[in-house]
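Colleague: Chains as they are written, first to last, in this note's numbering: chain V, 2 to 453; chain D, 271 to 734.
All C-beta atoms, glycine included, are put in the ideal place defined by N, C-alpha and C.
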Amino acid sequence: MTGTSTEQLTIGQAREYLLGAARTRGVALEVYATRGTSTSVRAFQGEVSEFKLHGRQGVGLRALVRGAWGYSFTENLARPALDRALQSALENAELVAPEAGSALVAWGEPPSLDLHGEGLSGVTVEQKVQVAIALERTAREADPRVTSVPYGGYGDSDSETLVGNTQGLSRGFKALYAHHFVAPLVSENGQNKMRGDWQFTREFTELDPTQTALNAVRKSVALLGAHPAPSGTFPAVISGECLGELLSLFAGMFSAKMVEEGKSPLAGRLGDTIGSALITLVDDPTLPRGLNSRAFDAEGCPSAPLTLLSAGRLTAFMHNAQTAARAGTQSTGHASRPGYQGLVGVGPSNLLLEPGRTPAAEIRAGVTGVLLTGVSGGHAGAHPYTGEFSLEAEGFWLDSGDVTHPLEVFTVAGNILDLLRDVEAVSDTPEWSQYGTGMPAVRVRALSVGGS
Amino acid sequence: MLDETMVREVLELARAGGADFAELFVEDTVNTTLRLHQGEVKDAGGGNLFGAGLRLLYGTRVVYAYTNDVTVSGLRDLAGAVASARGAQGEVERSGAGGLDFRRVDVTPLYVAREHPLTAARRDKLALMRRAHGAAAGVGDVRTVDVSYLDRVQRVLIANSEGLWAEDERVQTRLMVSAIAQDGTLRESGHYGPGASRGLEFYDDVTPESVGAEAARIANVMLRAGYAPAGRLPVVIGNAFGGVIFHEACGHILETTAVEKNASVFADKMGRRIAHECVSAVDDGTIPGSWGMVNVDDEGMPAQRTTLIEHGVLRSFMVDRVGALNTGYARTGSGRRQNYTFAPASRMRSTFIDNGTQTPDDLIRSVQHGIYARKMGGGSVTPGTGDYNFAVNEAYMIRGGEIAEPLRGASLVGNGAQDLLNIVGVAGDLRLGQGMCGSVSGSLPTDVGQPHILVSEITVGGRA
Chain V
2 MTGTSTEQLT IGQAREYLLG AARTRGVALE VYATRGTSTS VRAFQGEVSE FKLHGRQGVG
62 LRALVRGAWG YSFTENLARP ALDRALQSAL ENAELVAPEA GSALVAWGEP PSLDLHGEGL
122 SGVTVEQKVQ VAIALERTAR EADPRVTSVP YGGYGDSDSE TLVGNTQGLS RGFKALYAHH
182 FVAPLVSENG QNKMRGDWQF TREFTELDPT QTALNAVRKS VALLGAHPAP SGTFPAVISG
242 ECLGELLSLF AGMFSAKMVE EGKSPLAGRL GDTIGSALIT LVDDPTLPRG LNSRAFDAEG
302 CPSAPLTLLS AGRLTAFMHN AQTAARAGTQ STGHASRPGY QGLVGVGPSN LLLEPGRTPA
362 AEIRAGVTGV LLTGVSGGHA GAHPYTGEFS LEAEGFWLDS GDVTHPLEVF TVAGNILDLL
422 RDVEAVSDTP EWSQYGTGMP AVRVRALSVG GS
Chain D
271 MLDETMVREV LELARAGGAD FAELFVEDTV NTTLRLHQGE VKDAGGGNLF GAGLRLLYGT
331 RVVYAYTNDV TVSGLRDLAG AVASARGAQG EVERSGAGGL DFRRVDVTPL YVAREHPLTA
391 ARRDKLALMR RAHGAAAGVG DVRTVDVSYL DRVQRVLIAN SEGLWAEDER VQTRLMVSAI
451 AQDGTLRESG HYGPGASRGL EFYDDVTPES VGAEAARIAN VMLRAGYAPA GRLPVVIGNA
511 FGGVIFHEAC GHILETTAVE KNASVFADKM GRRIAHECVS AVDDGTIPGS WGMVNVDDEG
571 MPAQRTTLIE HGVLRSFMVD RVGALNTGYA RTGSGRRQNY TFAPASRMRS TFIDNGTQTP
631 DDLIRSVQHG IYARKMGGGS VTPGTGDYNF AVNEAYMIRG GEIAEPLRGA SLVGNGAQDL
691 LNIVGVAGDL RLGQGMCGSV SGSLPTDVGQ PHILVSEITV GGRA
């Protein structure tokens, strides 16, 4: 390899350079590198309002010095910058308290997973622009009550993730997705409502902007004519999409890292029955079409499905290498890392609730109460340490199973463990959410509602 | 950071496709992140963010691209990609070629850090964290303490085809303590996280001990709190971070990013009464050393103090360059972005309801049955509808004009345009609180703020 000191290496070259430098210095190092390009297009009133092209790469370093991890990252992939990053990781490790179970591992082979599909090389800019234009136009023209289509657009991403360590591990995978999203603003009798719809795919040709736009308008218009919600405790049906959002807010309960730091309400309850017998919850990173799928985790550990709750019983926590070593078990392949800038933790991929036996059409039969279709404000109103939540909600009033009217902005409150225990029926049809969850609708015995 | 010849070449290349305007944003950011868990250093990280973003405007249409290959060839490629991104829609002309003379913006720092984070030793930063830990650990029923430390030094260059050349350094530091109190199976957490655009001398004024003690106090108070009631009630909202109600309920819909798309209920309300006359509100980028301070915004415009609402009447939106083009309102120095990966958008800086004439006691005494929301958590808003929510971290019942028992699990939801009219009392104890605000151009340090206020009626979500 030739070149000047400021020459930018590829992420693969940077990984090999860093691991070589670490071996020369006799230090243990893990390198996590990503490279990605993406495009996004937004349209407003029939024209492209915003077009973005992104290209970004960088390496995250994790050095192990006397049982302690030190991190650093750099987006500058010239050799002197990589040398500085290595030095910085080693110095950071000197500050950190040694922890039991710290080790780098040369894991076994990951599953073969095609997350890249046909790729985007044959897709023209014009085709991408047309998706954004069609979404906006279809939504705007679908109903006279649509006053504006302020949010929406097309986006795609083509990325590569590499992991390597001085134990000899060296692996990577490529992933691609194309998606679109649209949220029309609708107005009637002084009421404004907005609800979005979206589509995520690994094949550009599968995108259907017309359908997505029509769905978004239908969902938004359905919220018009809302009445105040009564305050009280009512039976409720929670849509699969909403349940997925709710459970993803509380996924940290199943993290062994949260358990060992005293931040999970499930600590010490492995083997206990904590939910209804109708609840079986799995985290599966190996779904080819899952939003959060991956062949291996942030440490390079092979991905595999993990059953967290089996018929209501807590069967496993999610582990990375270190939490597993301390708990005397094996990593479940749930090391997470929010990009090369972030630190290694523990996190879920695609959370799935197994479908039940109640036909989707019957899940709300006979219910007088609330049909909950959305929650917001989870970053502040959901408390993973305790399971408590109090959230802005969207939904409809049910009278003997029939939807009578949408509800004005209201709140729902409770504890996620009570909610899992109170599940009385599970629908047979999963719904996918933008959080990567796949869950059927459920009926719960009681939900606390704050309204007028 | 880059030489003028190279910047000129990139901007001219970018304009070769007929754009009306081109802007280059280059940044070199160094940050440090440290975390103590139970007094032990668990995480030590940080690094170097390094890249450039190029924005072209064709009328009001935006083309944006970024790269972290900040070399001559990398930037040439970027400019070429941006110019060609318009594809069949672009008519090529050389209007951008030649004659670009840069005028340096005199960026006067509003505050200069005395103990610069880049020169301070990490061990000194850890010492601050240990002091915070010591003030929270073991206090009352506190069993678990996490202390996070962050500093960030962002150096930026902003140059555009109008000849603007601005360089700035932004220094930020923040300390956050999370305390969990536990008694048997009861568990509750308290958080406190002040920050500033200052060096480590910030902690001479806001001591780490005070940060730790405040998190511990909240956790202990809330541990044995009962559940909040649900329903529509009068609410007195505390000062400082209480201002998140204005931030969520009104601030976001006063940004031209929402206004220009008819996604704001205030879009056609300029000069009209939108709030009770006791409400005046300001978005200010010029408070020296404040968390939301900007010497220049990310479009190179010097900071301003912008009066949004004066005695209930809407006086200004927060306006960035594209917002000005779309709405006709003058720019207010509100173009901000998290980093080079985002195009700028109109965003808040230090946003607060200004002082009124009452006292907090006046407000509380006027409530027979309601809620005192002393410490707010975070919130969010749907800009198109103005429907917002936020969580209350420390709340109490008010009975007969007196603060009574603590309440847990309260959230407040409502509609910004309606609830702004329901602010019926404003005290005179304005303070600011610090938060991170997430929106279209990323996550930004912003101050929220207010004196104590009384909202006549708001939907409280608790256990019904």
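Counting only Cβ-Cβ distances shorter than 8 Å, please list the residues of the region 639 to 661 of chain D near chain A, keeping chain order.
Modeller: The question asks about chain A, but that chain is absent: this structure's protein chains are V and D.
Colleague: Using the beta-carbon count (16 or more within 10 Å), is Gly-368 of chain D buried or exposed?
Modeller: Any answer about Gly-368 of chain D is weak, because its pLDDT of 48 lies below 50 and its placement is not dependable; what the coordinates show is given next. Exposed, since its Cβ has fewer than 16 Cβ neighbours within 10 Å.
Colleague: Between the alpha carbons of Ser-377 of chain V and Ala-23 of chain V, how many angstroms are there, rounded?
Modeller: So the alpha carbons of these two residues sit roughly 46 Å apart.
Colleague: Per DSSP, what are the beta-bridge partners of Asn-318 of chain D in this structure?
Modeller: Per DSSP, V:Thr-75 and D:Val-300.
Colleague: What are the complete alpha helix (DSSP H) segments, minimum 4 residues, inside the region 538 to 601 of chain D?
Modeller: Taking only runs of at least 4 residues, the alpha helix (DSSP H) segments lying wholly in the region 538 to 601 of chain D are 591 to 597.
Colleague: Rounding to the nearest angstrom, what Cα-Cα distance links Thr-629 of chain D and His-335 of chain V in this structure?
Modeller: Computed Cα separation, rounded: 52 Å.
Colleague: Which residues in the same chain as Arg-234 of chain D place their Cβ atom closer than 6 Å to its Cβ, once the five residues preceding and following it in sequence are excluded?
Modeller: There is simply no residue 234 of chain D to check, as chain D begins at 271 and stops at 734 in what is shown.
Colleague: Output the residue ranges of the alpha helix (DSSP H) runs that lie fully inside the region 371 to 443 of chain V and measure 4 residues or longer, sorted by chain position.
Modeller: Listed in chain order, they are 379 to 382 and 417 to 422.
Colleague: Ignore the nearest five residues each way along the sequence and tell me which others in Gly-433 of chain D's own chain have a CB closer than 8 Å to its CB.
Modeller: So the list reads Leu-370, Asp-371, Phe-372 and Arg-373, once near-sequence residues are dropped.
Colleague: Please list, in chain order, the residues of the region 115 to 129 of chain V that have any C-beta partner in chain D closer than 9 Å.
Modeller: If the cut-off is 9 Å between Cβ atoms, the region 115 to 129 of chain V has Thr-125, Val-126 and Glu-127 near chain D.
Colleague: Please list, in chain order, all residues of the same chain as Ala-358 of chain D whose beta carbon is under 7 Å from its beta carbon, the five residues on each side excluded.
Modeller: Unreliable positioning characterises Ala-358 of chain D in this predicted model, as indicated by a pLDDT of 41, which lies under 50. A coordinate reading is not provided.
Colleague: State whether the region 471 to 491 of chain D contacts the region 403 to 416 of chain D, with contact taken as three or more CB pairs (one from each stretch) at a distance under 8 Å.
Modeller: Flag = yes, the region 471 to 491 of chain D and the region 403 to 416 of chain D touch.
Colleague: Taking Cβ-Cβ distances shorter than 7 Å, what residues in chain V pair up with Phe-320 of chain D?
Modeller: By Cβ distance, chain V contributes Glu-76 and Asn-77.
Colleague: Taking Cβ-Cβ distances shorter than 9 Å, what residues in chain V pair up with Val-539 of chain D?
Modeller: Note that residue 539 of chain D corresponds to Lys in the displayed sequence, not to Val. In chain order: nothing, as chain V lies at least about 14 Å away.
Colleague: By DSSP's criteria, Ala-64 of chain V is part of a beta bridge. Which residues make up the other side?
Modeller: Its beta-bridge partners are V:Leu-30 and V:Gly-71.
Colleague: From the DSSP output, which residues share a beta bridge with Gly-698 of chain D?
Modeller: Paired residues: none, contrary to the question.
Colleague: CB-CB under 6 Å to Trp-435 of chain D, same chain, minus the five flanking residues each way: which ones, in chain order?
Modeller: So the qualifying residues of the chain are Phe-372, Arg-374 and Ala-429.
Colleague: Within the 8 Å Cβ cut-off, does Ile-668 of chain D reach chain V?
Modeller: Closer than 8 Å: no.
Colleague: Take Val-60 of chain V and list the residues in its own chain whose beta-carbon comes closer than 8 Å to its own, dropping the five residues that flank it on each side.
Modeller: Closer than 8 Å at Cβ, skipping near neighbours: Ile-12, Ala-15, Arg-16, Leu-19, Val-32, Tyr-33, Ala-34, Phe-74, Thr-75, Leu-78, Leu-83, Ala-86 and Tyr-341.
Colleague: Relative to the C-alpha of Leu-493 of chain D, which candidate in D:Ser-467, D:Gln-452 and D:Gly-508 has its C-alpha closest?
Modeller: Nearest of D:Ser-467, D:Gln-452 and D:Gly-508 to Leu-493 of chain D, Cα basis: D:Gln-452.
Colleague: Cutting at 8 Å between CB atoms, please list the residues of its own chain near Ala-366 of chain V, excluding the five before and the five after it.
Modeller: Once the five neighbours on either side are set aside, the close Cβ partners of Ala-366 of chain V are Gly-402.
Colleague: Rounded to the nearest angstrom, what separates His-517 of chain D and Gly-703 of chain D at their Cα positions?
Modeller: Cα-Cα distance, rounded: 11 Å.
Colleague: At the 8 Å Cβ level, is His-320 of chain V part of the contact set with chain D, yes or no?
Modeller: By this cut-off, His-320 of chain V is not an interface position.
Colleague: Mind checking His-581 of chain D: buried by the 16 CB within 10 Å criterion, or exposed?
Modeller: By the neighbour-count rule (16 or more Cβ atoms within 10 Å), His-581 of chain D is not buried but exposed.
Colleague: Quick check: what's the CA-CA separation for Ser-304 of chain V versus Thr-324 of chain V?
Modeller: Their Cα atoms are separated by approximately 16 Å.
Colleague: Would you check if the distance between the CB atom of Gly-649 of chain D and the CB atom of Asn-663 of chain D is smaller than 8 Å?
Modeller: Cβ atoms of Gly-649 of chain D and Asn-663 of chain D: not closer than 8 Å.
Colleague: Closer than 7 Å by C-beta to Arg-543 of chain D: which residues in its own chain qualify, once you throw out the five before and the five after it? Chain order, please.
Modeller: Closer than 7 Å at Cβ, skipping near neighbours: Gly-582 and Val-583.
Colleague: In whole angstroms, what is the alpha-carbon distance linking Ser-39 of chain V and Val-514 of chain D?
Modeller: Using only the alpha carbons, I get a separation of about 33 Å.
Colleague: Taking Cβ-Cβ distances shorter than 8 Å, what residues in chain V pair up with Ile-450 of chain D?
Modeller: Chain V residues near Ile-450 of chain D: Gly-263, Lys-264 and Tyr-386.
Colleague: Buried or exposed for Gly-21 of chain V, going by 16 or more other Cβ atoms inside 10 Å?
Modeller: Result: exposed.
Colleague: Could you compute how far the alpha carbon of Gly-266 of chain V sits from the alpha carbon of Gly-71 of chain V?
Modeller: It should be noted that the sequence gives Pro, not Gly, for residue 266 of chain V. Each residue's alpha carbon lies about 29 Å from the other.
Colleague: What's the call for Val-49 of chain V, buried or exposed, on a 16-neighbour Cβ count within 10 Å?
Modeller: With 16 or more other Cβ atoms within 10 Å, it is buried.
Colleague: What residues match up with Leu-425 of chain D in a beta bridge as DSSP calls it?
Modeller: Note on residue identity: the sequence assigns Arg, not Leu, to residue 425 of chain D. Note: Arg-425 of chain D sits in a beta bridge opposite D:Asp-298 and D:Glu-439.
Colleague: Our contact map puts Leu-62 of chain V next to Ser-103 of chain V with C-beta atoms below 8 Å; I'd like the distance itself, whole angstroms only.
Modeller: The Cβ separation is near 15 Å, so there is no contact.
Colleague: Along the region 278 to 309 of chain D, what residues have a CB closer than 7 Å to any CB found in chain V?
Modeller: Those would be His-307, in chain order.
Colleague: Please confirm whether Glu-361 of chain D has its beta-carbon closer than 8 Å to some beta-carbon of chain V.
Modeller: Residue confidence is low: Glu-361 of chain D scores 45 on pLDDT, short of 50, so the model does not pin down where it sits. Its coordinate-derived value is still stated next. So, not an interface residue.
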